[in-house]
Each structure stands twice: as C-alpha cells, then as structure tokens.
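Residue numbers (numbering that gives the first Met the number 0), protein chains in the order written: chain A, 0 to 180; chain B, 0 to 180.
We put the beta carbon where it would ideally sit given N, CA and C, even for glycine.
Read through the structure below, which is laid out as structure tokens, and then see the notes.
There are 2 protein chains.
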Amino acid sequence: MIQFCSHCGHTVVFETPPGDNLPRHVCPACGHIHYENPRLIVGCIATWEDRILLCKRAIEPRLGYWTLPAGFMENGESTAAAARRETLEEAGADPLIGPPFAMISIPHISQIHLFYLGQLANGEYAAGEESLAVGLYREEEIPWQELSFRSVHFCLERFLDDRRKGHYQFHEQVFGPDGCY
Amino acid sequence: MIQFCSHCGHTVVFETPPGDNLPRHVCPACGHIHYENPRLIVGCIATWEDRILLCKRAIEPRLGYWTLPAGFMENGESTAAAARRETLEEAGADPLIGPPFAMISIPHISQIHLFYLGQLANGEYAAGEESLAVGLYREEEIPWQELSFRSVHFCLERFLDDRRKGHYQFHEQVFGPDGCY
C-alpha cells in the first residue's frame, strides 16, 4: 500500500484526480499521482526433442512445486527478451525464442502471464538460484499434481494438445478467482 | 523517480537487493523494495462495415493526432476488458472484442502495446473527454501523416494487409528508438 509520496515524502491521499474516473494515491503537497498497473509475468515453454523444461521452485510462493521458467518482466526489455532471460536465470538454458503461445489475464491479482515457445539447442541445463531442481520432461513424466500455478497447467495442456494436432496456436484466457471465464 | 519510501516515508537508496541482479529503490528503514515494471497499453482496432474507428487526441502526448482507442491497463481488469473500456471511454462505442491482433514491445520506454480486433454493432460513436473528434474511416481516408504513434501505424498497416488476405494473424513486434528490430 502506498502511504507516502515517492517524490517528496508527504503523506498521500486516496482520491480521484480531476479528469480521471478511478481513485489514485495522490500527493496533496507536490501533486504527484501514483498510478498502479498490472504486471506482466513472462515465461517460456522451452523444449528439447520431445521434452519440456521444468523448474522446481526454490522460492515462495509455491516453493517446491514445478513451474515453467517465468518471472516479472523488467523495464527496458522486450517480452521475448524477458522469456529468454528468465529461462537462462532459472534453468541455465538458452532457448531460441519462437512465437508467443499463451496470454492469460488474472484480474484479481492484476497480473498477465505471457508464455513463448522456445527451442533448446541441446539437453543442457542447470538450476539457477530460484530453482531447487531443473529437468526435461516427456509428456508422461510431467508432475501434474505438483505444478505451481494454474497458468503453467493451462500452458502445458494447450501445448501438448497443439503438439498432437501438429499446429501451435496463440491462446488467450482469463482466470477468475474460482475458475476460468 | 522514486526518492522516498511509499510505505514509511524514509529516503530510499538505489542498490541491488540480496539475491537480485538489478539495482532497485530499497528502503534502508523498513526494507521495502520498490519494483518498477513495464506498463501495458491496451487498445482496439474497432470496425464497422469497412471502416475503422479512429480518435483525434485531446491530450498530450501527440495532442491533435489520430490514434486507435487505447490506454493504460488498470488493476483488476483483463486485457480484453481494458480494450473494451478504452474504446468506450475515448470513442463512445462498445465493441465486441475479438482476438488479440498485435503485441508491440517498446523497451526504451518500458511499454507493451497490445491491440485487439473489435466489431461495432452500429456506426454510432461519440468523442470522450480524451478525444477532440472521433470518426469511422475507410482505408483511403486514413490520415497516415497525422497518426499519433508508431504502434498505431503498425497496427493499421498490418490490419489492412491481413484484411486483403482474408486472414487475421497475431503480430508481434519490437520497436527500438530508431526503428524496428
């Protein structure tokens, strides 16, 4: 929660600025408006031969559960560069980033999860600081009961389905607190 | 620029937190880390018959230039809901939101521009507070020399090209400071 102005240190108020239609944290001293916006989490479905790269999380939330490499996009990078960086950082593998594969809005936590397809040049990987373990998994080896997030489950299902069909589409989805809509 | 902690009001320092690899604005008093992330601008290529909905901007930047309805995504909404809201707010028209059409990363300003296709039920519109004028334009009427942003130009070009081909694809692009890459 924003309580103090990041520009001048004064206590902020929560009110709708003139010309706006939503309340914001506004500084009554210097006038600065503190906008808060959804964050993009970008990741990669990186494959080598018929296997998918998964990471066991070393950090909360969902410590110990399996995830696709993904994380908060940083200022100054493109979405594809973020997907590559996260795969490098979490899984020690450098994917050739392909097309965007899935975009999932999660309004109740103000996040958008964006996943790219990626191809690895070889079967090498190494767990990064945020991973307890990393592995390349065949379809029948995926730990479905130990996946970290609903968006990871969604991506893996859609990916395997598209792979069977021999054609990868771009998938858009919205997750509500209690299901998809 | 962040100079004061939004949680406790103390002066922040700019340093790399333990376990991180980028410098952040960190509060030495309460420990709060002020992450800054790219922002999503979401808009709509809304059409009625063979015409495209364009708005003449009433606000800076690019006041007086023509744009597709678009704006900063708000917390608590989906990307498609943001596209619909912006079209309602800026152009007084309620589109049936279709598939995502284009996603453009602009790393040097830490923005991602995302545009949906949208269909209008009729030819009605009304300029909102952020628009000087709104109109439905045929291809030959588009004011190419008076467009507001490069992403708008990109979307209109790709849209018209796809329409001629009879098939709409999802377009991904990265804009650098001096061109596309």
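Whole-Å CB distance - residue i paired with residue j, under 8 Å assumed
i, j, result
"C54/B", "V133/B", "5 Å"
"G181/A", "A125/A", "With chain A represented from 0 up to 180, any question about residue 181/A goes unanswered, as that position is not in the structure."
"R56/A", "S130/A", "7 Å"
"F148/B", "C4/A", "Their Cβ separation, rounded to whole angstroms, is 30 Å, which puts F148/B and C4/A out of contact at 8 Å."
Assigned exposure category for residue i - 16 Cβ within 10 Å defines buried
i, result
"Y180/A", "Any reading at Y180/A must be qualified, since the residue scores a pLDDT of 49, below 50, and its modelled position is unreliable; no value is offered."
"G175/A", "exposed"
"I103/B", "buried"
"V12/B", "exposed"
"G63/A", "exposed"
"I58/B", "exposed"
"L193/A", "Residue 193/A is absent from the model: chain A starts at 0 and stops at 180."
"G8/B", "buried"
"E73/A", "buried"
"L135/B", "buried"
"G122/A", "exposed"
"G42/B", "buried"
"T10/B", "exposed"
"D160/A", "exposed"
"D19/B", "exposed"
"K164/A", "exposed"
Beta-carbon gap between residue i and residue j smaller than 7 Å
i, j, result
"H31/A", "H6/A", "yes"
"A101/B", "C154/B", "yes"
"F71/B", "I105/B", "no"
"G127/B", "E89/B", "yes"
"W65/A", "E14/A", "no"
"P99/A", "E171/B", "yes"
"A79/B", "I96/B", "yes"
Interface partners of residue i on chain B, CB under 9 Å
i, result
"H6/A", "M0, I1, Q2, F3"
"V173/A", "S77, T78, A79, A80"
Proximity to residue i [Cα-Cα], best of the options
i, options, result
"R137/B", "I44/B, A57/B, N74/B", "I44/B"
"L113/A", "R83/A, L135/A, S130/A, G127/A", "R83/A"
"P94/A", "S130/A, L52/A, Q110/A", "L52/A"
"D49/B", "D177/B, L87/B, I141/B, E145/B", "I141/B"
"G117/B", "E139/B, Q110/B, L87/B, E14/B", "L87/B"
"P17/A", "H9/A, T10/A, G8/A, P27/A", "P27/A"
"S109/B", "G75/A, A79/A, I96/A", "G75/A"
"Y115/B", "Q168/B, L21/B, Y34/B, R163/B", "Q168/B"
"Y34/B", "R163/A, I1/A, T46/A, H107/A", "I1/A"
"S77/A", "P60/B, H107/B, S77/B", "H107/B"
"R162/B", "C29/B, T46/B, V173/B", "T46/B"
"V173/B", "N36/B, E139/B, I111/B, P60/B", "I111/B"
Amino acids of chain B, ordered along the chain, whose beta-carbon sits closer than 7 Å to that of residue i
i, result
"I111/A", "L39, T78"
"L21/A", "E73"
"P106/A", "G75, E76, S77"
Partners in chain A for residue i, counting only beta-carbon separations shorter than 7 Å
i, result
"N74/B", "E35, N36, P37, S109"
"F148/B", "Residues of chain A passing the Cβ test: none, with the nearest at roughly 17 Å."
Interface residues of chain B facing residue i [CB-CB closer than 8 Å]
i, result
"P99/A", "M102, F169, E171"
Contact set between residue i and chain A, taken where Cβ atoms lie within less than 8 Å
i, result
"E128/B", "G18"
CB contact check: residue i to chain D, cutoff 7 Å
i, result
"I44/A", "Chain labels in this structure do not include chain D; the protein chains are A and B."
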